Amino acid sequence: MKILYVMSGMGICGGNRIIFEHANRLQQRGHEVHILSLSDYDYKWFGLLNAHIVRKPDNVYDAVFATYWKTAYYVAKTFDTKRFYLVQGKETFFSLEKGYKEKVEQTYKMGFNIITIAKHLQEWLSYNYGTKSEYVGNGIDLELFKPQGKYNYFKPVILIEGQAQFWLKGIEDAISAIRKVRKEFDIEVWHLTSQDGLLPEVDQLYYKPDQYLIPKLYSAATITLKPSIFEGSPLPHMEAMACGGLLLCSDCDGSKEHANNDNAIIYPAGNIDVLAEKIKRILTMPEAVQDRIRSNAVQYAKDNFNWDDKIERLDNLIETM
Numbered sequence: 105m106k107i108l109y110v111m112s113g114m115g116i117c118g119g120n121r122i123i124f125e126h127a128n129r130l131q132q133r134g135h136e137v138h139i140l141s142l143s144d145y146d147y148k149w150f151g152l153l154n155a156h157i158v159r160k161p162d163n164v165y166d167a168v169f170a171t172y173w174k175t176a177y178y179v180a181k182t183f184d185t186k187r188f189y190l191v192q193g194k195e196t197f198f199s200l201e202k203g204y205k206e207k208v209e210q211t212y213k214m215g216f217n218i219i220t221i222a223k224h225l226q227e228w229l230s231y232n233y234g235t236k237s238e239y240v241g242n243g244i245d246l247e248l249f250k251p252q253g254k255y256n257y258f259k260p261v262i263l264i265e266g267q268a269q270f271w272l273k274g275i276e277d278a279i280s281a282i283r284k285v286r287k288e289f290d291i292e293v294w295h296l297t298s299q300d301g302l303l304p305e306v307d308q309l310y311y312k313p314d315q316y317l318i319p320k321l322y323s324a325a326t327i328t329l330k331p332s333i334f335e336g337s338p339l340p341h342m343e344a345m346a347c348g349g350l351l352l353c354s355d356c357d358g359s360k361e362h363a364n365n366d367n368a369i370i371y372p373a374g375n376i377d378v379l380a381e382k383i384k385r386i387l388t389m390p391e392a393v394q395d396r397i398r399s400n401a402v403q404y405a406k407d408n409f410n411w412d413d414k415i416e417r418l419d420n421l422i423e424t425m
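If you read the sequence shown in this note's numbering, its first letter stands for residue 105, the second for the next number, and so on.
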């Protein structure tokens, strides 16, 4: 089949990584996959992209994917073939701009074949819009994201991941909690992000690092902190677990789909006081307990994050929907 993915932009983010993984793996299965961006073509951060990059697509496709609400309007207007919509988050919450929510909501009623990456998104679409969707979970590259060995830093390291300007990532909560923790503990704070600028309480900024460095950061950190208010199906959680990182995350819907009390430490989203106490608890936790959580996380990743079955399901849905 000849398949086109339409993206709003190709910059660094988890949602774009998923699109590229879909495209590469469908290409490997014998399809001819094209990718069109409505803005930038900054995909070099991802590494090898086997799909064909196009700037002026024809209308001769067997299937076309919208991947964001703005691309849904473009696809609906431009293509008259089988149309899919990859929904990776509750995009109605991404902006408070007047009229924004209504524009997004309209895309869920355009008659697309909708594929979601999380079961909670399936339920949300059904309950709020009466929209049926199919579930294809995310995977990660388990050859890249795997334990890199312990790194004995001279003090405990907390690795925060996420963009501070995107309020749903909860980075302000993380900074506030760390400020409380530092009254009792001598810690090092790293920030992994695609947004430049050193934040208060952060000792080391990792801004758009080489992708091969990221597994080393997850493996080296004492704690990987994900303080999100909302997530669709967050890749950093999955990547940290696969690398044997000790994940401390909020209980937002996207986190709970994979993180549990056996493979991570969980706190109520937005509760800075509880977050600070959870950090302190981990810092005083016996190493054997930490190692058990890390080991459980690695095993969970091996059992649940392989791409093969997910791409096979996606391929079948493209054929049959």
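Just so it is clear, CB atoms sit at the ideal spot from N, CA and C, and this is done for glycine as well. A quick note: this is a predicted structure, and the numbers were derived from the prediction, not measured.
Residue i, buried or exposed, once every other Cβ within 10 Å from all chains shown has been counted against 16
i: Leu142; result: exposed
i: Lys194; result: buried
i: Arg187; result: buried
i: Phe258; result: exposed
i: Ser199; result: exposed
i: Arg159; result: exposed
i: Pro390; result: exposed
i: Asn367; result: buried
i: Tyr316; result: exposed
i: Lys202; result: exposed
i: Asn128; result: buried
i: Ala167; result: buried
i: Pro304; result: exposed
i: Asp458; result: Residue coverage of the chain in this structure runs from 105 to 425, which leaves residue 458 outside it and unanswerable.
i: Met111; result: buried
i: Glu265; result: buried
i: Gly134; result: exposed
i: Glu361; result: buried
i: Tyr78; result: Because the chain is modelled from 105 through 425, residue 78 falls outside the range shown and cannot be assessed.
i: Leu321; result: buried
Best match in the options for proximity to residue i [C-alpha to C-alpha]
i: Phe270; options: Leu140, Leu379 and Ile333; result: Ile333
i: Gly295; options: Ala324, Lys312, Leu351 and Leu263; result: The amino acid at residue 295 is misidentified as Gly; the sequence shows His. The candidate whose alpha carbon is nearest that of His295 is Leu263.
i: Ala324; options: Val393, Glu343, Lys254 and Gly203; result: Lys254
i: Trp173; options: Lys406, Ala405 and Glu209; result: Glu209
i: Ile157; options: Ala268, Thr171, Phe409 and Phe124; result: Phe124
i: Lys148; options: Arg417, Asp314 and Ser359; result: Asp314
i: Gly234; options: Thr211, Glu416 and Leu352; result: Thr211
i: Gln132; options: Leu352, Ile422, Glu423 and Ile415; result: Ile415
i: Leu130; options: Met111, Ile370, Phe150 and Met105; result: Met105
i: Asn408; options: Val240, Gly134, Ile327 and Tyr189; result: Val240
i: Leu329; options: Glu343, Lys312, Thr297 and Leu352; result: Leu352
i: Val393; options: Lys360, Lys284, Asn365 and Leu248; result: Asn365
i: Glu136; options: Gly151, Thr326, Ala155 and His126; result: Ala155
i: Met425; options: Ser354, Ala268, Lys384 and Phe216; result: Phe216
i: Ala268; options: Gln299, Leu321 and Gly358; result: Gln299
i: Lys223; options: Arg417, Lys406, Gly358 and Gly151; result: Gly358
i: Lys406; options: Leu246, Lys312 and Thr326; result: Leu246
i: Gly274; options: Lys312, Leu153, Thr182 and Ser354; result: Ser354
Cut-off 8 Å between Cβ atoms - residues of its own chain near residue i, not counting five sequence neighbours on either side
i: Gly113; result: Asn120, Ser141, Leu142, Ser143, Asp144 and Asp146
i: Ser237; result: Val191, Ile218, Ile219, Thr220, Leu225, Gln226, Leu229 and Ser230
i: Asp307; result: Glu292, Val293 and Trp294
i: Asp184; result: Asn163
i: Asp384; result: Looking at the sequence provided, one finds Lys at residue 384 rather than Asp. Once the five neighbours on either side are set aside, the close Cβ partners of Lys384 are Val285, Glu288 and Phe289.
i: Tyr178; result: Val110, Leu142 and Ala170
Paired residues, beta bridge with residue i - DSSP
i: Arg187; result: Val168
i: Thr211; result: According to DSSP, Thr211 bridges with nothing at all.
i: Asn120; result: DSSP output for Asn120 lists no bridge partner at all.
i: Asn294; result: A small correction: the amino acid at residue 294 is Trp; Asn does not occupy that position in the sequence shown. Beta-bridge pairing links Trp294 to Leu263 and Gln308.
i: Glu238; result: Ile219
i: Thr158; result: Before going further, note that residue 158 is Val rather than Thr in the sequence given. Val158 is bridged to Leu140.
i: Ile370; result: Cys353
i: Lys106; result: Glu136
i: Ile327; result: Ile262
i: Met111; result: Ser141
Chain-order list of residues whose beta-carbon lies under 7 Å from that of residue i (same chain, five-residue window excluded)
i: Met214; result: Ala176 and Ala180
i: Ile122; result: Gln192, Ile221 and Asn242
i: Leu302; result: Leu309
i: Trp228; result: Lys194
i: Ile376; result: Asp277, Ser280 and Ala281
i: Cys356; result: Ser332, Ile333, Phe334, Glu335 and Ala373
i: Pro251; result: Ser323, Cys347, Gly348 and Val402
i: Ile244; result: Leu339, Met342, Glu343, Ala346 and Phe409
i: Phe249; result: Pro319, Glu343, Ala346 and Cys347
Same chain, Cβ closer than 6 Å to residue i, neighbours up to 5 away in sequence not counted
i: Leu430; result: Residue 430 falls outside the range modelled here, since the chain spans only 105 to 425, and no answer is possible.
i: Lys205; result: Thr196
i: Leu272; result: Ile333 and Phe334
i: Phe169; result: Tyr109, Phe188 and Leu190
i: Ala380; result: Ala281, Lys284 and Val285
Minimum Cβ-Cβ distance from residue i to chain C less than 8 Å
i: Leu153; result: Of the protein chains in the structure, only one exists, and it is not chain C.
### Query
Three or more beta-carbon pairs under 8 Å between the region 330-350 and the region 116-133, yes or no?
Contact between the region 330-350 and the region 116-133 is present, because at least three Cβ pairs lie under 8 Å.
### Message
Check whether the region 398-410 and the region 343-350 are in contact - that is, three or more C-beta pairs closer than 8 Å.
### Response
The region 398-410 makes contact with the region 343-350: 3 or more CB pairs, one atom from each, lie closer than 8 Å.
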